[in-house]
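**Student:** Residue numbers (this note's numbering): 1 to 211.
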Amino acid sequence: TDTYAVPFRLHYEDSNGVVRESQVRTGQVTIADAPTFDLSATATDLYVDSTGAVTLSVTNTGDRPVTNARALLAPMEPFSPLSTSASLGTLAPGETATAKFKLDVADRAIAQDYPLEFTVAYEDGDEDRTTDPLTVRAEIQPERDRFGVSPGTATVPAGGSNTITIEVTNNGDTTVSDVDAKIFTNDPLSSADDEGYIESLEPGDSTEISF
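So, in structure tokens, the structure goes:
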């Protein structure tokens, strides 16, 4: 916050209708600093070719409160935001609010840090204002297998048959449905029923299929 001297003079008509002007006077004008913000981000489940999230923390580092603050995310490769705006509410000086953004990560992404560009919009009196772009970094992890498979073992006597059971785990962060599983056999093994079906599997859940 700075105070500046502003010179001014008055123009007026006296009682005889003569235009006159006053001596120069000096006034003081105080200009407040614009609100400032500090940003940090925490990535969750950001893998190549997957959907993850970034939790953004926004701290008002200025000396006055801001109202109706919003965090705005600019689309940047290799991310495709599923949401680009989140409310932060009113932030008093020193106060922090968080906002969560879901992101699709492209299959062509490389496992490394990438920048994410945000702006903070807020109300200043009757006017809407927006900060300059602020950059945080988010780390993308290497692509992971969507499914984890834990094969069982089975002993099959010559000329006989047996059942083998495998456990399938959803390693992703979204629910999958209508999953078809197939077993491939080679001589001397064969299978009369080589397909399995999983109706639905939530993230992190496992189920068994028998062949």
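Note that the Cβ used here is the ideal one computed from N, Cα and C, for glycine as well.
Using a Cβ-Cβ cut-off of 8 Å, state whether LYS100 counts as contacting chain D.
**Tutor:** Here there is only one protein chain, and chain D is not present.
**Student:** Check whether the Cβ atoms of LEU56 and ALA41 sit closer than 8 Å, and answer yes or no.
**Tutor:** By one-based count along the sequence shown, residue 56 stands at place 56. By one-based count along the sequence shown, residue 41 stands at place 41. Contact flag set, yes.
**Student:** Got a sec? Which residues, its chain only, sit under 6 Å from SER80 by beta carbon, not counting five neighbours each side?
**Tutor:** In the sequence shown, the residue the question calls residue 80 occupies position 80. Counting only Cβ-Cβ distances below 6 Å, and skipping sequence neighbours, we find ASP104.
**Student:** Using 8 Å for Cβ pairs, my map puts PRO93 next to ASN60. What's the rounded Cβ distance?
**Tutor:** As a first step, residue 93 is located in the sequence shown; it is residue number 93 there, counting from the start. As a first step, residue 60 is located in the sequence shown; it is residue number 60 there, counting from the start. So it is a contact: roughly 6 Å between Cβ atoms.
**Student:** Where does the unbroken beta strand (DSSP E) through TYR122 begin, and where does it stop?
**Tutor:** Within the sequence shown, residue 122 is the residue found at index 122, counting from 1. Counting along the chain, the beta strand (DSSP E) containing TYR122 begins and ends at 113-124.
**Student:** Can you tell me whether VAL48 sits near the ligand COA, meaning its C-beta is under 7 Å from at least one heavy atom of the ligand?
**Tutor:** The ligand COA is absent from the structure shown, which contains no ligands of any kind.
**Student:** Could you please give the first and the last residue of the uninterrupted beta strand (DSSP E) stretch that includes GLY89?
**Tutor:** On the sequence shown, residue 89 is found 89 positions in, with the first residue counted as 1. Note, GLY89: beta strand (DSSP E), 85-91.
**Student:** Whole-angstrom Cβ separation of ALA71 and ALA99, contact assumed at under 8 Å?
**Tutor:** Taking the sequence shown and counting its residues from 1, the one referred to as residue 71 is at position 71. Taking the sequence shown and counting its residues from 1, the one referred to as residue 99 is at position 99. Right, the Cβ-Cβ distance comes to about 5 Å (below 8 Å), so this counts as a contact.
**Student:** Return the chain-ordered list of same chain residues with a C-beta closer than 6 Å to the C-beta of THR163, the five sequence neighbours on each side being excluded.
**Tutor:** Taking the sequence shown and counting its residues from 1, one reaches residue 163 at position 163. Correct list, in chain order: SER210.
**Student:** Considering only C-alpha positions, which residue in the set LEU73, PRO78, PRO115 is nearest to SER87?
**Tutor:** As a position in the sequence shown, residue 87 is number 87, starting the count at 1. Closest by alpha carbon: LEU73.
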